[in-house]
Each structure stands twice: as structure tokens, then as C-alpha cells.
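I have placed the structure first, in the form of C-alpha cells, so that the comments after it can refer back to it.
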Amino acid sequence: MDRNYSLNEIAIMTGFSTRTLRNYLNQGLLKGEKIDGAWQFTAEEIDRFFAEPFVKEGLRIKRNSIVFDFLADRTKKEKRTCVILDIPISLKERGTLSDFFCKQMETVSDAVFTFDWNEGNARIILSGAEESVASIMESYYGMKSGK
Numbered sequence: 005m006d007r008n009y010s011l012n013e014i015a016i017m018t019g020f021s022t023r024t025l026r027n028y029l030n031q032g033l034l035k036g037e038k039i040d041g042a043w044q045f046t047a048e049e050i051d052r053f054f055a056e057p058f059v060k061e062g063l064r065i066k067r068n069s070i071v072f073d074f075l076a077d078r079t080k081k082e083k084r085t086c087v088i089l090d091i092p093i094s095l096k097e098r099g100t101l102s103d104f105f106c107k108q109m110e111t112v113s114d115a116v117f118t119f120d121w122n123e124g125n126a127r128i129i130l131s132g133a134e135e136s137v138a139s140i141m142e143s144y145y146g147m148k149s150g151k
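Going by our numbering, the sequence shown opens with residue 5, and the numbers climb by one from there.
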């Protein structure tokens, strides 16, 4: 069975606020189903949403701003890092990968993340406190190696 995604998980993946996503729901750009009072979205609904030209441009701007903001801040008071991963993956692997990073982001408050999937390639951008990003990356590589 394919899993559904919550509004919070879409917010984590996109960098859009839940308020912005609710506005997209009201406008019909994002479609989902309320189950037990909470919005739920299928991977197909998310793909359709990400493909909307207006949304696609907003996602591009969000992704670029994470990297630009990291590079532009030359007066950091603590160690920060920014990681960009380009990963060729299947549609099935995409769900596992997005699930992994969404779960990891629930455990940190000092990092930002975006997830994009296009034609068999995932792009993950992760930026934040060095310790948080390093911990997430260690978990990712541990997962990949089966540890």
C-alpha cells in the first residue's frame, strides 16, 4: 500500500509554511483528503502539485534561497554546513528517501531541508548547524550501508 503524506511533511519537503499550503488547498492547487480531521496526500497528488508551474517556480526559489542564504552569510557565529545531494532513484525509492529525511527533520530544530524529485533524480538540500546536518548525513549513510 502506498503511504500518504501529511501537511507537515509536505511543509518540511518544500519549505512552504502550512499556512501557504492551506492557501494552495483553498485555491485547488493542492488536492488531498481529510482523514480523521487531518489532511493526507498521496505521492501522485504531491507530484501533480509539484508540477504546477506556479508551485514549481516557488520550489525553485525556496531551494535556491537555502543555498544563497548560506553562501551570503559570511558572519556566522557557529559552525554551519550546507549539503546538496543529487541521487538517481526509482519512484519506489523516492518514497523511502523522502520519508527518511522528513523523519530526520522532525528531530532537529536548527536545519532546513528541501526535497525535489524529477525524472528519476532526487535533489536534497540540507543546511543548518554542523552537528545537526552531520548527524542526519551519518544516519543517511548508515541507512544506505545497512547499519
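Glycine included, each C-beta is placed from N, C-alpha and C at the ideal position.
Going by DSSP, LYS60 is part of the alpha helix (DSSP H) stretching over 57-76.
Around the beta carbon of ASP114, fewer than 16 other beta carbons lie within 10 angstroms, which makes this residue exposed. In the DSSP assignment, VAL87 is bridged to LEU130.
Judged by DSSP secondary structure, ASN12 falls within the alpha helix (DSSP H) whose first and last residues are 11-18. In the DSSP assignment, THR24 falls within the unbroken alpha helix (DSSP H) covering 22-31. In the pairwise beta carbon analysis, the region 116-133 is classified as touching the region 78-94: at least three pairs are separated by under 8 Å. In its chain, beyond the 5 residues on either side, PHE54 have a beta carbon closer than 8 Å to the beta carbon of LYS60. ASP120 has ARG127 as its beta-bridge partners, per DSSP. Setting aside the 5 residues that flank it on each side, VAL112 is surrounded in the same chain by SER136, each with a C-beta closer than 6 Å to its C-beta; the list follows chain order.
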